[in-house]
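Residue numbering for the sequence shown follows full-length UniProt numbering, beginning at 1 and increasing consecutively.
Structure record follows, encoded as structure tokens.
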Amino acid sequence: MPIDHKRINGPEDTLPYQLFTKLNRKSLEQKYKELVQDGKRHDSRAPLEHRKIFMKTGVVSQAKGSAYIEVEKTKVMVSVFDPREIPNRQDYSLKGEIYCEFKFAPFSCEKRRLHQLDAEEKQYSQIMKKALEATVCRHEFPNFQVDIYALVLHNDGSALSAAITAAGLALSHAGVPMYDLITSATLGIQKDTILIDPTTIEERICRTPFWKEKEDNEHGLVVLSMLHTHNQVAQFYQSGSISLDKLPHLIETLEKACADTIPVIQQCLVKHVIKTIKKSSNVIEV
């Protein structure tokens, strides 16, 4: 893909100052030993405890529906636009399509990212699309396409699951017909240590294979998306090396984490409905 030379991306050879701090001079193996001490992680959370979540709708005025989510330092904004005809398609489609674009802002990560989609962002876009296709009633808008854009403003781990959860909220805010609310959660595993909602450092540790023996070589990340009322798995994504014996336990843990997010989404939607009713009532009185 050609590079936009008119865009100023900043110096390419610069390095973030965090790489030179004392914490980052430690090796990943040393960080793994300090990952969980006395049953607590470095941010005082339990291994299976989710970070605090903040959600808000209607943050993008130009979009049909939008949502903003904060999971501690991870910040994601999702926009949903009106259905439009599927471009470059000659035959008629009985089911509508969903277009998803997942993008890290250039300033969102430690290492500066380009404005173009890289391989990781394209992969996350496809995962997000598969997850949302299971919850949207695509037969309600045949031969039309709904565009969904997720922009990560700050990445501190679990950005993909936060984007999927915010996309479900944005679709509800836009009035797109849906079967159910969708929530997503991320889990990291390194040997016997299981972490729900890992941060960037914890994700890096869980991706790295430290052990040469096959029995102890359990490492990786798992992202699960669930439909709340139907209790169905909408999407499952795994990276790393995880045995089949441990997967059922990991999925049960992720299901509980997804269920804990539902009350936050419901409360956010109720606030939006109450706010809309108050606005309409004020208009009628005038």
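Built from N, CA and C at the ideal position, the CB exists for glycine as well.
- Query: Who are the Cβ neighbours of methionine 1 in its own chain at under 6 Å, not counting the five residues just before and after it?
  - Reply: At methionine 1, the pLDDT of 45 sits below 50, so the modelled position is not reliable and the matter cannot be decided from this model.
- Item | Three-state secondary structure (DSSP) of aspartate 260 | helix
- Message: Quick check on valine 270: buried or exposed, where buried means 16 or more other Cβ atoms within 10 Å of its Cβ?
- Response: exposed
- Query: Looking at threonine 199 and aspartate 156, is the spacing between their C-beta atoms short of 8 Å?
  - Reply: yes
- Task: Give me whichever residues DSSP pairs with glutamine 235 in a beta bridge.
- Result: Note: glutamine 235 sits in a beta bridge opposite Ser225.
- Do you know offhand how far isoleucine 262's Cα is from asparagine 88's? 38 Å
- Does the distance from the CB of glycine 175 to the CB of phenylalanine 141 come in under 8 Å? no
- Query: Given that a residue counts as buried once 16 or more other Cβ atoms are within 10 Å of its Cβ, and exposed if not, what is lysine 73?
  - Reply: exposed
- Message: My output table needs one value for glutamate 255: the three-state DSSP class, helix, strand or coil.
- Response: helix
- Measure from the alpha carbon of valine 60 to the alpha carbon of each residue in Ile148, Pro83 and Thr186, then state which is nearest. Ranking Ile148, Pro83 and Thr186 by Cα distance to valine 60 puts Ile148 first.
- Looking only at C-alpha atoms, which of Leu181, Ser125, Phe54 and Leu114 sits nearest to cysteine 100? Ser125
- Query: Can the beta-carbon of serine 93 be found closer than 8 Å to that of isoleucine 86?
  - Reply: yes
- Query: So, using beta-carbon positions, are valine 76 and alanine 166 closer together than 8 Å?
  - Reply: yes
- Cα separation between valine 71 and isoleucine 53? 5 Å
- Item | Contact under 8 Å by Cβ, isoleucine 182 with alanine 131 | yes
- Item | Chain-order list of residues whose beta-carbon lies under 8 Å from that of alanine 46 (same chain, five-residue window excluded) | Gly39 and Lys40
- Query: Considering only C-alpha positions, which residue in the set Asn231, Gln190 and Val223 is nearest to glutamate 34?
  - Reply: Gln190
- Message: Tell me which residues share the same chain as lysine 129 and place their Cβ nearer than 7 Å to its Cβ, disregarding the 5 neighbours each side in the sequence.
- Response: Ile98 and Cys100
- Message: Measuring alpha carbon to alpha carbon, tell me which residue in Ser66, Ile69, Leu114 and Ala134 is nearest histidine 230.
- Response: Ala134
- Which class does histidine 154 belong to by DSSP, given the choice of helix, strand or coil? Correct three-state label for histidine 154: strand.
- Item | Span of the beta strand (DSSP E) around threonine 200 | Premise fails: threonine 200 lies in the alpha helix (DSSP H), 200-207, not in any beta strand (DSSP E).
- Query: Under a three-way DSSP split, which group does lysine 271 fall into?
  - Reply: helix
- Query: By the 10 Å Cβ neighbour count, where 16 or more other Cβ atoms means buried, how is arginine 138 classified, buried or exposed?
  - Reply: buried
- Message: Using CA atoms only, rank isn't needed, just tell me which of Leu227, Leu160 and Glu121 is closest to lysine 256.
- Response: When each option's Cα is compared against that of lysine 256, the closest is Leu227.
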